[in-house]
Amino acid sequence: MRGTHVLIYRPERNESPVPMMQAFRKFGASKYSKGMLLLLVACFGAWGIGDYLMPSLGAQAAKVNGHDISPRLLEQTYNQRLQNVTQMMGTRPTQEQLDQMQIAEQVLAEVVARTVLQQSAAKLGFQPATKQLQAEITKIGAFKNEKGQFDVARYRQLLAQIGRTPQQFEADMGQDLTVRSLAQLSRVETPSPSLVAGIVAAENLKLGFEVATLTPASLGTLPEPKEDELKTFYQQNEQFYSKPETRNLTVLRLSRDELVKTINVPEEDVKKAYEENKEHYKLPETRTVRHILFETKEAAEQAVPTIKTKDDFIAAANKLSQDPGNEGTKGGTLGTIKADDVVPAFRKVAFSVAANTLSAPVQSPFGWHLIWVDEIKPAHDVPYEEIRAAIAKDLQTEQADEALVRLGGVVDEKIAAGQPLTEIGKAIGIKALTFSTVRANDEAIEPQELSTGFGLTQNETSQPLQMADGGAAYVQVTKINPASVKPFAEVKADVATQLRAAQTQQALRRAADKLLSEARAPGATTLQAAAQKAGIQGVSISSLSVSNPTEAPQWLQQNMLEFYPLATGTTLAGALPEGQNLHLVRLTSRETLPLDETKLPEQAKVYQQRLQGDVEALMLAYLTQKAKVELNQPMLKQIFGREVQWTIAQ
């Protein structure tokens with residue numbers, strides 16, 4: 017991080033925030049829910065480094081207050097959400113289901129909310145404390161070695177692999193920390209003990225219940241449905257017996273990686289590139305450096321007389337260094353650094369002191385340092401053999417990019433001329449892939465290609481879609497097979513099963529209504545007596561005691577609040593479902609439990625979190641509603657398969 021886990025680059029106040037996030041909110045039909053908003057604001061540090069290690073594509077899918085939102089960010093967030101929904105449903109949702117759940121709108125709202133938070137923090141001039149930023153980065157698992165320690169070399173290597181600099185990464189992380197600072201503005205104080213005691217007393221009840229349960233088995237054997245009943249049920253519920261829409265798709269992929277494999281670079285071209293760019297293949301001077309960080313100059317000066325050798329320095333670093341990255345027995349090592357890896361004050365001394373020599377105390381923005389140089393490697397040219405493979409790879413990639421541009425132009429021209437992708441593929445020597453009777457949740461096709469294919473009309477060809485390797489893909493719909501209803505004879509067995517289930521539920525509901533009428537009649541006593549009076553057989557009667565609503569059965573939990581105002585002996589007006597069963601519930605007792613004052617502090621935290629959630633939800637909703645959001649609908653259609661509406665009320 018600027019060469020080390022101590023000398024972290026500090027972002028300037030005017031740098032643009034990078035919008036990244038992994039939690040979405042939605043309130044009401046078009047607003048964010050408080051619970052999800054709580055997750056967004058409360059989990060600033062849990063978004064992970066995946067977003068920060070994602071290269072930008074340079075295009076924009078939307079603008080938030082003039083700030084570009086990259087298509088890659090929206091696409092990645094959309095794919096994550098799609099995976100979550102698929103896991104929840106047990107199957108990949110159809111496009112219609114995704115539209116009903118407004119997944120595209122949720123993803124857009126997620127990215128907008130994160131961007132707005134970072135912009136608001138930047139406007140207020142928030143900057144992360146250096147030590148806070150150090151601590152956040154050094155605890156990231158991806159940057160740790162086998163011993164669980166932060167590894168500078170691993171840190172640099174990982175960032176280099178995705179084309180990011182420590183400065184860029186640390187600026188991104190710093191912006192997340194500024195968002196946390198923004199959240200501090202809405203910090204809610206813990207409720208007073210008297211208020212908590214009052215709330216707990218009102219909720220600290222033990223309720224007793226009598227439960228009457230009706231099951232399908234209690235109904236006995238129902239008559240088999242007749243043929244005309246089956247047909248009527250089939251006609252009334254045709255939507256359950258329909259074949260979903262399928263499509264025949266053609267996909268033409270101009271893969272950058274595949275093009276690279278076809279390119280052979282002559283040796284003379286590699287040598288020529290090396291000679292022409294030799295100045296770029298010089299390695300700067302590097303030094304393997306250690307340091308000890310002190311808070312004051314006096315502390316650094318006091319340590320100087322104790323350090324005569326490298327071993328002395330290591331011992332002093334392990335004992336005295338204030339660097340949070342110097343865990344255990346690291347001896348103050350910063351690894352091997354270049355001059356531009358560190359801040360100027362540190363650089364001046366680290367690159368002037370002789371090897372195996374202790375420096376005088378030097379001040380940087382992070383404190384006072386003593387520096388020790390283990391090894392010096394002078395600047396030198398990289399030998400041709402060492403760099404040859406990298407140069408050849410660069411030339412291959414360069415030629416592949418040129419080929420992509422050329423092929424893309426040919427494909428676009430032929431699409432404009434009305435040629436199908438199969439013929440275009442033959443013309444350019446790349447086989448187009450054909451997929452027949454594809455469903456909207458088909459896993460055989462890339463998600464982006466699939467969603468795009470179901471957003472096109474018949475014979476329409478998409479705009480080029482950016483592939484993960486930097487190439488482009490085109491999707492064409494060659495045939496749309498509309499949804500259709502399966503013939504009655506084909507689904508008769510399923511219809512019979514479902515009709516019997518529906519008739520069973522109707523019979524259960526009638527029995528429950530009859531029992532409920534008796535239980536709520538004047539002079540009614542117990543549910544058991546009401547069942548006998550109503551002549552209902554097979555009713556299961558049980559008792560239940562609940563002192564903590566979260567310990568109640570799931571079917572009862574969501575209705576617990578309805579019992580608090582009821583008088584003892586009252587039966588709840590309505591049967592509560594649990595699978596195929598129905599429960600009728602009568603309140604039999606109410607007991608106020610003794611107040612456990614030792615639990616009041618814990619309850620105070622719970623209530624504080626509730627209030628905090630309300631305040632943060634209001635804050636984020638206000639900021640999001642005020643944001644100026646501009647949408648690039650053609651790009652959004654490529655990502656989501658349709659246009660997306662910005663539904664946050666202004």
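If you use our numbering, the sequence shown corresponds to residues 17 to 666, in order. Glycine included, each C-beta is placed from N, C-alpha and C at the ideal position.
Thinking just about the alpha-carbon of each residue, which of the options is nearest to the one in residue i?
| i | options | result |
| --- | --- | --- |
| Thr278 | Lys644, Tyr171 and Lys409 | Lys409 |
| Glu311 | Val305, Ala589, Arg303 and Ser337 | Ser337 |
| Ala416 | Ile392, Ser368, Thr494 and Val281 | Val281 |
| Gly551 | Lys530, Arg536 and Arg602 | Lys530 |
| Asp244 | Ala371, Thr604, Pro650 and Phe504 | Phe504 |
| Asp510 | Val132, Asn161, Ser86 and Lys247 | Lys247 |
| His396 | Ala633, Lys155, Glu534 and Glu295 | Glu295 |
| Pro276 | Ala332, Glu292, Thr237 and Leu420 | In the sequence under discussion, the amino acid at residue 276 is Val, which differs from the Pro named in the question. Of the listed residues, the one whose Cα sits closest to Val276 is Leu420. |
| Ser563 | Gln76, Thr266, Ser605 and Thr541 | Ser605 |
| Leu230 | Gln183, Pro565, Leu481 and Asn597 | Asn597 |
| Thr566 | Gln574, Ser559 and Leu560 | Gln574 |
| Val555 | Ala331, Val216 and Ala228 | Ala228 |
| Leu466 | Gln173, Gln76 and Gln111 | Gln111 |
Which same chain residues end up closer than 8 Å to residue i when comparing Cβ atoms and leaving out the 5 residues on each side of it in sequence?
| i | result |
| --- | --- |
| Glu317 | Pro377 |
| Phe329 | Arg306, Ile308, Ile323, Gly347, Gly348, Leu374, Leu386 and Trp388 |
| Val507 | Tyr250 and Tyr257 |
| Ser271 | Met483, Asp485 and Gly487 |
| Trp384 | Leu309, Phe310, Glu311, Thr312, Lys313, Ala315, Ala316, Pro377 and Val378 |
| Glu402 | none |
Return yes when the Cβ of residue j is within less than 7 Å of the Cβ of residue i, no when it is not.
| i | j | result |
| --- | --- | --- |
| Ile444 | Leu423 | yes |
| Asn220 | Leu609 | yes |
| Pro300 | Lys354 | yes |
| Thr520 | Pro232 | yes |
| Asn264 | Thr494 | yes |
| Val320 | Gln624 | no |
| Glu226 | Leu543 | yes |
| Ala456 | Phe470 | yes |
| Gln148 | Leu193 | yes |
| Pro207 | Ala620 | yes |
| Ala568 | Met576 | yes |
| Pro109 | Glu261 | no |
| Thr584 | Leu600 | no |
| Thr304 | Asp390 | yes |
| Gly341 | Ala169 | no |
| Thr614 | Arg536 | no |
With respect to 6 Å, is the separation between the Cβ of residue i and the closest non-hydrogen atom of the ligand ATP below this value?
| i | result |
| --- | --- |
| Lys313 | What this structure holds is no ligand at all, so the ligand ATP is not there to describe. |
Who are the near neighbours of residue i in its chain, counting only those whose CB is closer than 7 Å to its CB and skipping five residues on each side?
| i | result |
| --- | --- |
| Thr93 | Val123, Glu126 and Val127 |
| Gln661 | Glu121 |
| Pro394 | Glu301 |
| Thr413 | Val276 |
| Asn334 | Thr345 and Gly347 |
Taking DSSP as the reference, what is the three-state secondary structure of residue i?
| i | result |
| --- | --- |
| Tyr490 | strand |
| Glu240 | coil |
| Pro232 | helix |
| Pro650 | helix |
| Leu193 | helix |
| Asp410 | helix |
| Trp571 | helix |
| Leu336 | helix |
| Val286 | helix |
| Pro109 | coil |
| Arg130 | helix |
| Lys259 | strand |
| Tyr48 | For Tyr48, the predicted structure reports a pLDDT of 30, less than 50, and the residue's modelled location is therefore unreliable. A value from the coordinates is still provided. Tyr48 falls in the coil class under three-state DSSP. |
| Asn81 | coil |
Under 6 Å Cβ to Cβ from residue i, same chain only, skipping five residues before and after it: list those, please.
| i | result |
| --- | --- |
| Leu268 | Leu437, Gly441, Ala448 and Tyr490 |
| Met483 | Ala489 |
| Glu607 | Lys222 |
| Gln628 | Val204 |
| Val80 | Val128, Thr131, Ala643 and Val645 |
Using a 10 Å radius around the Cβ and a threshold of 16 neighbouring Cβ atoms, would you call residue i buried or exposed?
| i | result |
| --- | --- |
| Val622 | exposed |
| Ser380 | buried |
| Tyr171 | buried |
| Lys242 | exposed |
| Tyr68 | Because Tyr68 sits at a pLDDT of 35, beneath the cut-off of 50, its placement in the model cannot be relied upon, and the point is left open. |
| Asn161 | exposed |
| Thr131 | buried |
| Gln464 | buried |
| Lys653 | buried |
| Ala528 | buried |
| Thr541 | exposed |
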